[in-house]
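To start, the structure under review is shown below, and the notes come after it.
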Amino acid sequence: QVPLQHGAHRIGKRTDADMNRWRDYGLGEFIHMGLYSILGGDYNSMHYDGAAEWIRSWNKLPHEVYDNLYKKFDPKNFDPEVWARMAKNMGVRYVTITTKHHDGFCLWPSKYTDFNITKTPYKKDMIGPLVKAFDQAGIDVYLYFSVMDWHQADWRYDLKTVADSVAFNRFKTFTKNQLTELLTLYPQTKGLWFDGTWDNSWKKSGAFSDSLDQYLKKIHPGLIIGSRLRADDYGNRHFDANGHLMGDYEQGWERKIPSDYTATRGNDWDCIMTIPQNGWGYSKTWMGHWKTPYELIEMLAKCVSLDGNFVVNFGPKGDGTFRKKELQTADSIGAWMKVNHEAIYNAGYLNWTKQDWGYYTRSRKDGKIYMIVFNVPINGALKVSPAKKEHIKKAYLLQDNKTLHVEALDGNDVFIQLEQKNQQEPFVIVLETGQGGQAVEGENKHV
Ligand SMILES: C[C@@H]1N[C@@H](C(=O)NCc2ccccc2)[C@H](O)[C@@H]1O
863 QVPLQHGAHR
873 IGKRTDADMN
883 RWRDYGLGEF
893 IHMGLYSILG
903 GDYNSMHYDG
913 AAEWIRSWNK
923 LPHEVYDNLY
933 KKFDPKNFDP
943 EVWARMAKNM
953 GVRYVTITTK
963 HHDGFCLWPS
973 KYTDFNITKT
983 PYKKDMIGPL
993 VKAFDQAGID
1003 VYLYFSVMDW
1013 HQADWRYDLK
1023 TVADSVAFNR
1033 FKTFTKNQLT
1043 ELLTLYPQTK
1053 GLWFDGTWDN
1063 SWKKSGAFSD
1073 SLDQYLKKIH
1083 PGLIIGSRLR
1093 ADDYGNRHFD
1103 ANGHLMGDYE
1113 QGWERKIPSD
1123 YTATRGNDWD
1133 CIMTIPQNGW
1143 GYSKTWMGHW
1153 KTPYELIEML
1163 AKCVSLDGNF
1173 VVNFGPKGDG
1183 TFRKKELQTA
1193 DSIGAWMKVN
1203 HEAIYNAGYL
1213 NWTKQDWGYY
1223 TRSRKDGKIY
1233 MIVFNVPING
1243 ALKVSPAKKE
1253 HIKKAYLLQD
1263 NKTLHVEALD
1273 GNDVFIQLEQ
1283 KNQQEPFVIV
1293 LETGQGGQAV
1303 EGENKHV
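Our numbering numbers the first residue of the sequence shown as 863 and each following residue consecutively.
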């Protein structure tokens, strides 16, 4: 064990009510809105093929052109109720909204920089109305905040000179002031989603990141902060020099999902995912593959089966509306969730052997076991190998309570026989288990 001042202060999961609520969300939504939403990935009829919210870093776009976009920022068709209703219909239980991305533009009336929404034609605060609308819809709100801030003269990528450190100390104070302002203005906020903390300047600020984390939790008890905020005494991020997670959940799964339970190291975690291959802010032309609702539902099932949450990102247009494809995606996921949410909400990992047909989840409320089926084998027989001493008593379809035939195999293995294979959608089978004797008789008992 390496002695650390600014490593993990807690080993293992947070188990308070706020974190238990976070753990049970299952499905979330991310929203990226900012000046980049105006350009939609294009400039001077050229398309930037990087992530649309990074267009300011494109050498074809002068910084001063980008930084003057605030003069055009006017989401005329923005309606927070519409955003909240869309999220509700999709079945998300938490939403993370960008307050300030790497470009430094603030969607709230910050008194620490003029580079904020009050200086735009739109003038009004967007964060307040969004927090209120989502809160009223019963959706928990988290605020995305980028530490890296390209607009601030005191931002530094690295600390090479004394002058760098003097400037960066001013920047740290600015950062702490803005975060205090956000938690004071929007007390309903359940957590902060930090980004832009991978540069050396921040890696060398482990002590500050530790004190900032503690300060924010002191002024806002219960606040949830992931592992992307802190660095330890040696600049390690997410996991300290002793391999312990620094943060309330692992926040490294950006556009990727753990391969298996071992890869989660038994921590809380969530995966944030773009619908296009990459790109979080609105992009007029989505390059490459556009994930279907089916693919997103499979990712959701996989995340929940590995004790994580799955968060789908949406990038509204500069006028404050969502593109049709995103609305349709939210709708399709919502329709599936309406029927199958029992297998997603308050559910998590089950230590049974993973089978090819899909994913198990187990309810943290009543221990009920769910099979989320994506791949039906040609013979329609779904193999289930329960853990030792667990026996399948009954199997039925969640959507219509139809009991399915269960055939006993060796030990406590069974086949669950599907009649017909005309499922077009992923579906859920509920398993009732018990200890002791096999409830279901094998057809061909071999004596
Ligand atoms: C949530 C996303 N994070 C921002 C980003 O810069 N990601 C690039 C990145 C991804 C993983 C490690 C370091 C940097 C993207 O612009 C989105 O805001």
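The C-beta atom is built at its ideal place from N, Cα and C for all residues, glycine as well.
Quantities reported herein were computed from a predicted structural model and do not represent experimental measurements.
- Bridge partner(s) assigned by DSSP for Ala-1209: Residue 1209 sits at position 347 when you count from the first residue of the sequence shown. Paired residue(s): Ser-1225.
- Query: Fully enclosed by the region 1028-1095, which beta strand (DSSP E) runs are 3 residues long or longer?
  - Reply: 1053-1057
- With a CB to CB cut of under 6 Å and the five nearest residues on each side skipped, what residues in its chain are close to Ala-1205? Position 343 of the sequence shown, counted from the start, is the residue given in the question as residue 1205. Excluding sequence neighbours, Ala-1205 sits near Thr-1223, Tyr-1232, Ile-1234 and Val-1290.
- Task: In the DSSP assignment, find the beta strand (DSSP E) that holds Ser-1167 and state where it starts and stops.
- Result: Taking the first residue of the sequence shown as position 1, residue 1167 is located at position 305. Where Ser-1167 is concerned, there is no enclosing beta strand (DSSP E), although the alpha helix (DSSP H) it sits in stretches over 1155-1167.
- Task: Indicate the three-state DSSP secondary structure (helix, strand or coil) for Asp-880 in the structure shown.
- Result: On the sequence shown, position 18 is the one that residue 880 refers to. In this structure, Asp-880 counts as helix in the three-state DSSP scheme.
- Query: So does Ala-913 have its beta carbon nearer than 7 Å to some heavy atom of ligand 3?
  - Reply: Among the ligands modelled here, namely ligand 1, ligand 3 does not occur.
- Euclidean distance between Cα positions of Leu-1260 and Lys-962: Counting from 1 along the sequence shown, the entry for residue 1260 is found at position 398. Counting from 1 along the sequence shown, the entry for residue 962 is found at position 100. Approximately 42 Å between the Cα atoms of the pair.
- Message: I need the straight-line Cα distance from Phe-967 to Tyr-984, nearest angstrom please.
- Response: Walking along the sequence shown from the start, residue 967 turns up at place 105. Walking along the sequence shown from the start, residue 984 turns up at place 122. Computed Cα separation, rounded: 14 Å.
- With a cut-off of 8 Å on the beta carbons, I'd call Asp-1094 and His-868 a contact; round off their distance for me. Sequence index remark: in the sequence shown, residue 1094 carries index 232 (1-based). Sequence index remark: in the sequence shown, residue 868 carries index 6 (1-based). Their Cβ separation, rounded to whole angstroms, is 5 Å, which keeps Asp-1094 and His-868 in contact under 8 Å.
- Message: According to DSSP, Leu-889 sits in a beta bridge with which residue or residues?
- Response: Working through the sequence shown from its first residue, we reach residue 889 at position 27. Answer is Phe-1172.
- Using the C-alpha atoms, what's the distance from Lys-986 back to Val-1024? Walking along the sequence shown from the start, residue 1024 turns up at place 162. Walking along the sequence shown from the start, residue 986 turns up at place 124. Taking the straight line joining both Cα atoms gives about 39 Å.
- Query: From Asn-1140 to Met-1161, what distance separates their C-alpha atoms?
  - Reply: Within the sequence shown, residue 1140 is the residue found at index 278, counting from 1. Within the sequence shown, residue 1161 is the residue found at index 299, counting from 1. The straight-line gap from Cα to Cα measures roughly 16 Å.
- Reduced DSSP category for Gln-998 - H, G, I as helix; E, B as strand; rest coil: Working through the sequence shown from its first residue, we reach residue 998 at position 136. Collapsing the DSSP output to three states places Gln-998 in a helix.
- Query: Should His-1013 be counted as a contact of ligand 1 given a C-beta to heavy atom distance under 7 Å?
  - Reply: The sequence position of residue 1013 within the sequence shown is 151, counting from 1. Checking every heavy atom of ligand 1 against the Cβ of His-1013, none is found closer than 7 Å.
- Message: Let me confirm a value: Pro-865 is counted as buried when at least 16 other C-beta atoms fall within 10 Å, else exposed. Which label applies?
- Response: Indexing the sequence shown from 1 puts residue 865 at position 3. It is exposed - the Cβ of Pro-865 has fewer than 16 other Cβ atoms within 10 Å.
- Task: Measure the alpha-carbon distance for Val-1201 versus Lys-1066 and round it to whole angstroms.
- Result: Taking the first residue of the sequence shown as 1, we reach residue 1201 at position 339. Taking the first residue of the sequence shown as 1, we reach residue 1066 at position 204. Cα to Cα, Val-1201 sits roughly 49 Å from Lys-1066.
- Just grab the DSSP bridge partners of Leu-1107 for me. Taking the first residue of the sequence shown as 1, we reach residue 1107 at position 245. Leu-1107 pairs with Phe-1101.
- Item | Gly-1180 and Ile-900 closer than 8 Å at C-beta | Translated into positions along the sequence shown, residue 1180 becomes position 318. Translated into positions along the sequence shown, residue 900 becomes position 38. Contact: yes.
- Message: As an exercise, report each continuous beta strand (DSSP E) stretch of at least 3 residues that is fully enclosed by the region 1253-1292, in chain order.
- Response: Listed in chain order, they are 1253-1259, 1267-1270 and 1276-1279.
- Query: Would you call the region 1044-1064 and the region 1079-1087 touching, i.e. three or more CB-CB distances under 8 Å?
  - Reply: Taking a cut-off of 8 Å on C-beta distances, the region 1044-1064 touches the region 1079-1087, as three or more cross pairs fall below it.
- Residue range of the beta strand (DSSP E) that includes Lys-962: Residue 962 sits at position 100 when you count from the first residue of the sequence shown. Counting along the chain, the beta strand (DSSP E) containing Lys-962 begins and ends at 956-962.
- Task: Using only alpha-carbon positions, find the residue among Asp-1228, Pro-1155 and Asp-1026 that is nearest to Met-1199.
- Result: Mapped onto the sequence shown, residue 1199 falls at position 337. Per the Cα distances, Pro-1155.
- Query: Between Trp-1219 and Tyr-1111, what straight-line distance do the alpha-carbon atoms span, to the nearest angstrom?
  - Reply: Here residue 1219 refers to the residue found at position 357 of the sequence shown. Here residue 1111 refers to the residue found at position 249 of the sequence shown. Going from the Cα of Trp-1219 to the Cα of Tyr-1111 covers about 29 Å.
- Name, in chain order, the residues that DSSP records as bridge partners for His-909. Locating residue 909 in the sequence shown gives position 47, where the first residue counts as 1. For His-909, which the question treats as bridged, DSSP gives the partners Asp-904.
- Message: Tell me the residue span of the alpha helix (DSSP H) that contains Tyr-984.
- Response: Within the sequence shown, residue 984 is the residue found at index 122, counting from 1. Where Tyr-984 is concerned, there is no enclosing alpha helix (DSSP H), given that its DSSP letter is neither H nor E.
- Message: Output needed for Pro-971: all residues of its chain with C-beta closer than 7 Å, excluding positions within five of it in sequence on either side, in chain order.
- Response: On the sequence shown, position 109 is the one that residue 971 refers to. Within the same chain, Asn-978, Ile-979, Thr-980 and Asp-987 come within 7 Å of Pro-971 by CB-CB distance, once the 5 residues on both sides are set aside.
- Message: Is any non-hydrogen atom of ligand 1 found closer than 7 Å to the C-beta of Trp-1060, if you look at the structure I gave you?
- Response: For the purposes of this step, residue 1060 is identified with residue 198 of the sequence shown, where counting begins at 1. Trp-1060: yes, Cβ under 7 Å from ligand 1.
- What residue from Trp-1064, Ala-1197 and Tyr-1207 has the CA that sits closest to Tyr-887's CA? Taking the first residue of the sequence shown as position 1, residue 887 is located at position 25. Checking every option, the nearest Cα to that of Tyr-887 belongs to Tyr-1207.
- Message: Beta-carbon within less than 6 Å of Gln-1217's beta-carbon, same chain only, minus the 5 sequence neighbours each way: which residues are those?
- Response: Along the sequence shown, one-based indexing puts residue 1217 at 355. Result list for Gln-1217: Lys-1245, in chain order.
- Task: Specify, as a first and last residue, the run of the beta strand (DSSP E) that Ala-1197 falls within.
- Result: Taking the first residue of the sequence shown as 1, we reach residue 1197 at position 335. No beta strand (DSSP E) holds Ala-1197; the alpha helix (DSSP H) holding it covers 1186-1202.
- Message: Starting from Trp-1115, trace the beta strand (DSSP E) in both directions and tell me its first and last residue.
- Response: Locating residue 1115 in the sequence shown gives position 253, counting from the first residue. Segment 1112-1116, the beta strand (DSSP E) holding Trp-1115.
- Enclosing alpha helix (DSSP H) for Met-948 [first to last residue]: The residue labelled residue 948 in the question sits at position 86 within the sequence shown. Note, Met-948: alpha helix (DSSP H), 942-952.
- Query: Under the rule that 16 or more other beta-carbon atoms within 10 Å means buried, what is Tyr-1360, buried or exposed?
  - Reply: Beyond the ends of the chain as shown, which are 863 and 1309, falls residue 1360; an answer cannot be given.
- Task: Using a threshold of 8 Å, state whether the C-beta atoms of Tyr-905 and Ile-917 are closer than that.
- Result: By one-based count along the sequence shown, residue 905 stands at place 43. By one-based count along the sequence shown, residue 917 stands at place 55. Contact flag set, yes.
- Message: With H, G and I counted as helix, E and B as strand and the rest as coil, what does DSSP make of Asp-1026?
- Response: Along the sequence shown, read from residue 1 onward, the residue named residue 1026 stands at position 164. Note: Asp-1026 maps to helix in three-state DSSP.
- Less than 8 Å between the CB atoms is what I'm expecting for Thr-1215 and His-1253, so what's the real figure, rounded? The sequence position of residue 1215 within the sequence shown is 353, counting from 1. The sequence position of residue 1253 within the sequence shown is 391, counting from 1. Not confirmed; about 15 Å, so no contact.
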